[in-house]
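What follows is a short report on a single structure.
Numbering (this note's numbering), first residue to last: 236 to 579.
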């Protein structure tokens, strides 16, 4: 019988961070294998160490071809790039070696997806400083994917449960972010938001479009971007049948979305979208001095391939201790499966 479950390529992330150990924890769960066929892309020695750190019972199957993967629960298939010197790997330490290994894992998983060897890509956390030390000057995963897939029109989506946000701009200064609020770009992101919700099975998405300024500009009292750029984009979207509403004041749009008024929110810049998502998905227990929840995913829209990522960083402070939470990675795998199944 042919196994039709999607093949997911999961990058190990920066080997000095928590990426390898959360991958080990996630793939130690049988339900992951019930929905997909996972392959870790990275260094097999790093993943062997990660299995011990995570204290899980997994064998390692080193491969150099997707066709050699076993896809069996209890065995982690690792597309071995052999790019980490274990004698010089220090958890929690920024290094060019770790940055290069992380970058090469991302580049390889993109190549595998473009060659249709895998159905979706899932990325572990990388350290931008380490990557830049290695000579790869990108501001994040999104920009790497855009470059190697030759994609010009793309955006970032965050999701935590039924709360979703897409961004008009991401990794730029706040000053530049304001300049990037232009009607053509806002319309483009509204359309990406609507199309993505449909891929997730939402037949008639309700798109809430945030304002840029306090009170969404208050009819020009606090800024003119709403009148001159955002409103025309919303009207253009409505003309092609998109159920878009706004501009909604930024301080209430996510509360409305959380309550079910919107299926997705178009945020005007990075922190406007990220802060509410992480308030919902990241929960710290002060008494226990630990994160009780680190959920949510980061998805790049507009690419010719599927890319879903954890919505947290390398957490160098806890790397190598076996205490990292794999919840966001499992969320990412589940979203990757949803998108892959929607294309089949």
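By construction, the Cβ of each residue, glycine as well, lies at the ideal position given by its N, Cα and C atoms.
Small disclaimer: the values here were computed from a predicted structure and weren't measured.
Beta-carbon proximity of residue i to residue j, cut-off 8 Å
| i | j | result |
| --- | --- | --- |
| residue 443 | residue 407 | no |
| residue 315 | residue 279 | yes |
| residue 384 | residue 540 | yes |
| residue 577 | residue 532 | no |
| residue 386 | residue 537 | yes |
| residue 509 | residue 360 | no |
| residue 349 | residue 250 | no |
| residue 289 | residue 557 | yes |
| residue 492 | residue 398 | yes |
| residue 270 | residue 294 | no |
| residue 426 | residue 464 | no |
| residue 535 | residue 389 | yes |
| residue 478 | residue 525 | no |
| residue 422 | residue 472 | yes |
| residue 306 | residue 414 | no |
Residue burial classification, residue i (beta-carbon count within 10 angstroms, cutoff 16)
| i | result |
| --- | --- |
| residue 372 | exposed |
| residue 396 | exposed |
| residue 326 | buried |
| residue 272 | buried |
| residue 500 | buried |
| residue 439 | exposed |
| residue 497 | buried |
| residue 560 | buried |
| residue 542 | buried |
| residue 574 | buried |
| residue 374 | exposed |
| residue 330 | buried |
| residue 382 | exposed |
| residue 551 | buried |
| residue 514 | exposed |
| residue 214 | Nothing can be reported for residue 214: it is not among the residues displayed for the chain, which extend from 236 to 579. |
| residue 456 | exposed |
| residue 459 | exposed |
| residue 354 | buried |
| residue 362 | buried |
| residue 370 | exposed |
| residue 429 | buried |
| residue 494 | exposed |
| residue 521 | exposed |
| residue 466 | buried |
CB contact check: residue i to chain C, cutoff 8 Å
| i | result |
| --- | --- |
| residue 499 | Of the chains in the structure shown, none is chain C; there is only one protein chain. |
Identified DSSP bridge partners for residue i
| i | result |
| --- | --- |
| residue 499 | 442 |
| residue 350 | Note: residue 350 sits in no beta bridge, so no partner. |
| residue 520 | 525 |
| residue 437 | DSSP, once it has assigned bridges, lists no residue as partnering residue 437. |
| residue 564 | In DSSP, residue 564 forms no bridge with anything. |
| residue 480 | 443 |
| residue 294 | 310 |
| residue 391 | 535 |
| residue 505 | According to DSSP, which records beta bridges pairwise, residue 505 is partnered with nothing at all. |
| residue 319 | Paired residue(s): none; residue 319 is not in a bridge. |
| residue 246 | 276 |
| residue 368 | DSSP lists no partner for residue 368. |
| residue 409 | In DSSP, residue 409 forms no bridge with anything. |
Whole-Å CB distance - residue i paired with residue j, under 8 Å assumed
| i | j | result |
| --- | --- | --- |
| residue 243 | residue 571 | 5 Å |
| residue 461 | residue 476 | Between residue 476 and residue 461 the Cβ distance is about 23 Å, and since that is not below 8 Å, they are no contact. |
| residue 304 | residue 318 | With 8 Å as the limit, residue 304 and residue 318 do not qualify as a contact, their Cβ atoms being about 19 Å apart. |
| residue 400 | residue 321 | That belief does not hold up - the Cβ atoms of residue 400 and residue 321 are roughly 39 Å apart, past 8 Å. |
| residue 256 | residue 285 | 5 Å |
| residue 544 | residue 358 | 4 Å |
| residue 377 | residue 392 | Not confirmed; about 10 Å, so no contact. |
Three or more C-beta pairs under 8 Å: does that hold for the region 499-506 against the region 388-406?
yes
At least 3 beta-carbon pairs within less than 8 Å: the region 294-313 vs the region 333-346
no
How do the region 468-486 and the region 448-456 stand: do at least 3 beta-carbon pairs fall below 8 Å, yes or no?
The region 468-486 makes contact with the region 448-456; the number of CB pairs closer than 8 Å reaches 3 or more.
Taking one C-beta from the region 409-417 and one from the region 428-441 each time, how about it: are there three or more such pairs within less than 8 Å?
no
Determine contact between the region 297-308 and the region 268-279, defined as no fewer than three beta-carbon pairs at a distance below 8 Å.
Touching, yes, given that three or more Cβ pairs across the two stretches are closer than 8 Å.
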